[in-house]
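Written below as structure tokens is the structure these notes are about.
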Amino acid sequence: MNSVILSAGIRVLIPLFFLFSLYLLFRGHNAPGGGFVAGLVASTGFALYAINYGAERTRRRFKLKPIFLIALGLLLAVVSGLIPVIAGETYKTGLWLEELEVPIMGKPGTPILFDIGVYLLVGGTVLKIIFSLWEE
Amino acid sequence: MVLALYPAAAFVWLMTQFGSVSGGDVVSSSWDWVPTMGISLSFHLDGLSMLFALLITGIGALVLTYAGTYMKGMPKTDRFFMSLVLFMASMLGLVLSDNIISLFIFWELTSFSSYFLIGYHHEDKESRKSALEALLITAGGGLALLAGLILLGIGGGSMEMSELVQRGDELAESGLFTAAMLLIIIGCFTKSAQFPFHFWLPSAMAAPTPVSAYLHSATMVKAGVYLLARVSPVFNGADGWHALLLIFGGITMVLGSMIAVMQTDLKKILAYTTVSALGLLVMLLGIGTGIAIKAAVIFILAHALYKGCLFLVAGIVDHETGSRNIRKLGRLFKQMPVTGTAAVVACLSMAGIPPLFGFISKEYSYESTIGMVVNSPLTTSAFFITGMLFVAAAGMLSYMVFFGRRNKLKIKPHEAPITMLAGPAVLAVLSILLGVFSGLINPLLDQASQVVFPGNEPLNMKLWHGINTELILSMTTLVAGIAAFAFVYYNPRLMSMIEISDKIKPSYAYKQTMDSLAELAKNVTQKVQNGYLRVYISMMVGTFCVLALIVLQDFGIPNIEVLWSDFRVYDIVIGVLMIVACFYTVVAKSRLLAIAMLGVVGYGVAFVFIIFGAPDLAMTQILIETLTVVLFVLVLWKLPHYLIFDEGFIKFRYFLVSALFGAIMTWIVMLITSYPLDSHLKAWFAESSYPLGMGRNVVNVILVDFRSLDTLGEIVVLGIAAVGIYGLIKFTTENDKEEAI
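Protein chains in written order, with numbering that gives the first Met the number 0: chain S, 0 to 135; chain Z, 0 to 740.
Given below as structure tokens:
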């Protein structure tokens, strides 16, 4: 597909999509947002790019490996639950660094790690589907 | 192999307990697992467990050392050794478990790990088939066993085997006795390859030889015998117990040895003699007298020693010559003196020739049949036939391989390396040592027989009992056996002419069952999964409707007034918009219009979410709608021609399903709104979100913290879906390409 508006616009929009997704991801704990939505936003950006420039080019341009993202996301999600186990709590007990206060995000802890995992996995899943469909 | 150190260490530890256990003590330890259901990991080391544990760790160490060399240069050895060690651990857990549930779990673990081991050559179809056969039969029997063990636990009021064996009377009164007994017997028969389930064992010879040596001679197949022996104090003396074990054990024993002498493959001969030996053990347990139990525990050890050794020898021969056919092999003794000596010693023990350990075992077996009150002549002659055929098989395994006619091999074989020789050599030496100095092992075997038969007279093994009926029978067996061997040896053609019709074999029944199952599955799949998405969806929706109706019939019609309670203007606007969009979706003449209209419905839903204060949901909904459009754009021009149903009947059918679904959903929503919401949870989440979850967005805190395990499950499903879609697309494309060529 070749649309001048889309091809020109998406180049500018891609960083914005990506930044916005990160913003959504980290504010999610205190305001609307979160890993799932953020993953969708990020992948929508890349998807629009892919529609215009093709899957192969998108993959190379941004060094995307969807399956790797899915695996990494899953790993993070599982590990975030294991950290408390090492600390002597039951699986998936939330642990925070109480004294730290990060802007936008709030206190960093294991739940945000889990949310990042969700983010990566959702993004990876959507990209995987879109790339596969494109290459069909 | 370094791995061999683990079982060796376990063996050494067990030996340190040898003294106390043979003195009648019990070593035990226990951890709670699911205490509310009486499930725990409790281990119990008594004479019987000790006997098996020593075999498992001792032979395990030898086999691992052996396999290290045997498997050198083969692919995927890491996987192989992992499965082997897993099996070893499960088997050890099985014989040490006191809790019946943990015993069952270890039992199933042995089935699984042996499935991997038998299917090691998974690129070979036969190998896969044998592995599946073994798994289905042993795991199927495992289900019967689980039911039996649970009944036993309920009837006896305990989950611990050590308590259950003392509560035979309580069990008999509970009325579950017979059912529990039958189910446990079925489980044990499948595992220990008793007729009519025996056929999986010879097929399992597709496994690499170290596996056969370990699983199919000394450990896995003995698990059934172990459990029968373990529950024997409960069932011994019950109606049917003796008859069942005697009949099936007897058939297995005689049949196994008869088929064994007709084989030409070394491993097949060993497999069928093992089947026969297992039958013999079951029979001895079925006789159930004090002397028979003694004979059984002695034979367990004797058989493990000589059969393990012979399997390892068969592996060496196969490894060095590339053949396992006894018609091709011959006169290997000169090239392989150590292997040959080990094989000859093991075969002498198998044939029951003094002063080897097998001789003592045979004496006791005869003593137990002669002492039987009923059916003594019948069982004695069954033992006689089997003993005779064992002698013949022993001759085939040693004489025909290492002496006899000149071999027809193309390559010149030579002796195996020391790591491979260690196993058979040690086992052969033990066969001699324990025969001559039977006092060494006497206390342990005595304890084992006390466990199986509480209050059994002390065991006192001796090589020389004086000239009595048993000795005369033994010697007659030997002479008859040698004659039988000579017959087999000089009439190879005659033996190969004997063919048994496939249709009377139990494996035929198994194959028929499996085939018809596959056929049934295929038919059902063709009906249900016919490839039309619209059929799938109407089926899903239809199923949901039926299920919902079943639940909903208890509720009745809700108050219709909830429909027009406090409307706002934009509610109506959005509602009308969505209804119109739905209408156009249905009547649209092109796919693009239909998709666009569906998008309108989706965005309408998002607006509803916003109005009712669910920004997270609305955001997700909008993004999903957007992505759906993107995806459709990608596939739109690849989809088949847009289908418009003209036939009234089909239209009506889909309309009916949709209308029903819509009506039911409306009904449900009305029902929900007419009940006051239980705000208890809602309030709790709202209150604890910040103090416990450190977040102000309640939805997100629930997702990633309070209920994060659910989320984890969901994202796993999502990941699997991605891989599934990838596979679906990739493989259909590849198929298309192939068809195009």
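Beta carbons: idealized from backbone N, C-alpha and C, even for Gly.
Fill in: Any C-beta of chain S under 8 Å from that of Y725(Z)
yes
Item to complete: Give the DSSP-derived three-state secondary structure of F198(Z) in the structure shown.
Response: coil
Worksheet item: Using Cβ-Cβ distances below 8 Å, what residues of the segment 669 to 699 of chain Z are close to chain S?
Response: L691, G692, M693, G694, R695, N696, V698 and N699
Worksheet item: Going by beta carbon distance, what residues of the same chain come within less than 7 Å of M419(Z), once the five residues before and after it are set aside?
Response: Counting only Cβ-Cβ distances below 7 Å, and skipping sequence neighbours, we find Y65, T68, Y69 and I315.
Discussion item. Just checking: is the beta-carbon of A739(Z) within a distance shorter than 8 Å of some beta-carbon in chain S?
Written reply: Confidence at A739(Z) is low in this model, with a pLDDT of 49, below 50, so the placement of that residue is unreliable and no value is reported for it.
Worksheet item: What residues of chain S sit near D615(Z), judged by a beta carbon separation below 8 Å?
Response: P31, G32, G33 and V36
Worksheet entry | Contact with chain Z by L73(S), beta-carbon distance below 8 Å | yes
Practice prompt. Tell me whether F42(Z) sits in a helix, a strand or coil according to DSSP, three-state version.
Written response: strand
Worksheet item: Can you find a CB in chain S that lies within less than 8 Å of the CB of A605(Z)?
Response: Put simply, the CB of A605(Z) is far from chain S, with every gap to its CB atoms at 8 Å or more.
Discussion item. Going by the DSSP bridge assignment, what does E159(Z) pair with across the sheet?
Written reply: Paired residues: N98(Z).
Fill in: Span of the beta strand (DSSP E), counted from its first residue to its last, around W32(Z)
Per DSSP, W32(Z) belongs to the beta strand (DSSP E) from V26 to V33.
Worksheet item: Straight-line CA distance for R590(Z) to F582(Z)?
Response: If you take the alpha carbons of R590(Z) and F582(Z), they lie about 14 Å apart.
Worksheet item: Out of curiosity, what's the CA-to-CA distance linking V281(Z) and L245(Z)?
Response: 7 Å
Practice prompt. Measure the C-alpha to C-alpha separation of I136(Z) and G27(S) and round it to an integer number of angstroms.
Written response: The alpha-carbon atoms of I136(Z) and G27(S) are separated by roughly 53 Å.
Item to complete: Would you mind working out which of L71(S), G116(S) and Y90(S) sits nearest L81(S), comparing C-alpha positions?
Response: Y90(S)
Item to complete: Hey, could you find the ends of the alpha helix (DSSP H) I594(Z) is sitting in?
Response: R590 to I610
Item to complete: Note down, in chain order, each residue of its chain lying with its Cβ closer than 6 Å to the Cβ of V36(S), except the 5 sequence neighbours on either side.
Response: L23
Worksheet entry | Collapsed DSSP secondary structure at D238(Z) in the structure displayed | coil
Fill in: Closer than 7 Å at the beta carbon, the chain Z residues around F61(S)
The contacting residues do not exist; F61(S) stays about 17 Å from chain Z at best.
Worksheet entry | CB-CB length for I117(Z) against I128(S), believed under 8 Å | That belief does not hold up - the Cβ atoms of I117(Z) and I128(S) are roughly 39 Å apart, past 8 Å.
Worksheet item: So is D709(Z) in contact with chain S if we call contact Cβ pairs under 8 Å?
Response: no
Worksheet item: At what residues does the alpha helix (DSSP H) containing V164(Z) begin and finish?
Response: Per DSSP, V164(Z) is not a residue of any alpha helix (DSSP H), being assigned neither H nor E.
Worksheet item: Using the beta-carbon of each residue, which ones in chain S are nearer than 7 Å to T625(Z)?
Response: Close to T625(Z), with beta-carbon spacing below 7 Å, are these residues of chain S in chain order: T43.
Fill in: Contact set for S28(Z): own chain, Cβ-Cβ below 6 Å, skip 5 residues either direction
F42
Practice prompt. State the Cα-Cα distance for the pair R533(Z) and D77(Z), rounded to the nearest angstrom.
Written response: 47 Å
Discussion item. Please report the straight-line C-alpha distance between T340(Z) and M395(Z), rounded to a whole angstrom.
Written reply: 15 Å
Practice prompt. Take every Cβ of the segment 122 to 141 of chain Z, pair it with every Cβ of the segment 193 to 206 of chain Z, and state whether three or more of those distances are shorter than 8 Å.
Written response: yes
Item to complete: Give the interface partners of I306(Z) over in chain S, defined as CB-CB distance under 8 Å, in chain order.
Response: Here residue 306(Z) is Lys; the residue named in the question, Ile, does not match the sequence. None at all; the shortest Cβ gap to chain S is about 45 Å.
Item to complete: Return the bridge partner residues of N324(Z) from the DSSP annotation.
Response: D264(Z)
Item to complete: Kindly indicate the opening and closing residues of the alpha helix (DSSP H) around W12(Z).
Response: L4 to T15
Fill in: chain Z within 8 Å of A76(S), Cβ atoms only
Residue contact with chain Z for A76(S): present (Cβ-Cβ distance below 8 Å to some residue of chain Z).
Worksheet item: CA-CA distance, L462(Z) and P442(Z)?
Response: Between L462(Z) and P442(Z), the C-alpha separation is close to 16 Å.
Worksheet item: What alpha helix (DSSP H) runs, 4 residues minimum, are completely inside the segment 406 to 447 of chain Z?
Response: 417 to 435
Discussion item. My output table needs one value for I352(Z): the three-state DSSP class, helix, strand or coil.
Written reply: coil
Worksheet entry | Boundaries (first-last residue) of the alpha helix (DSSP H) holding Y398(Z) | S375 to F401
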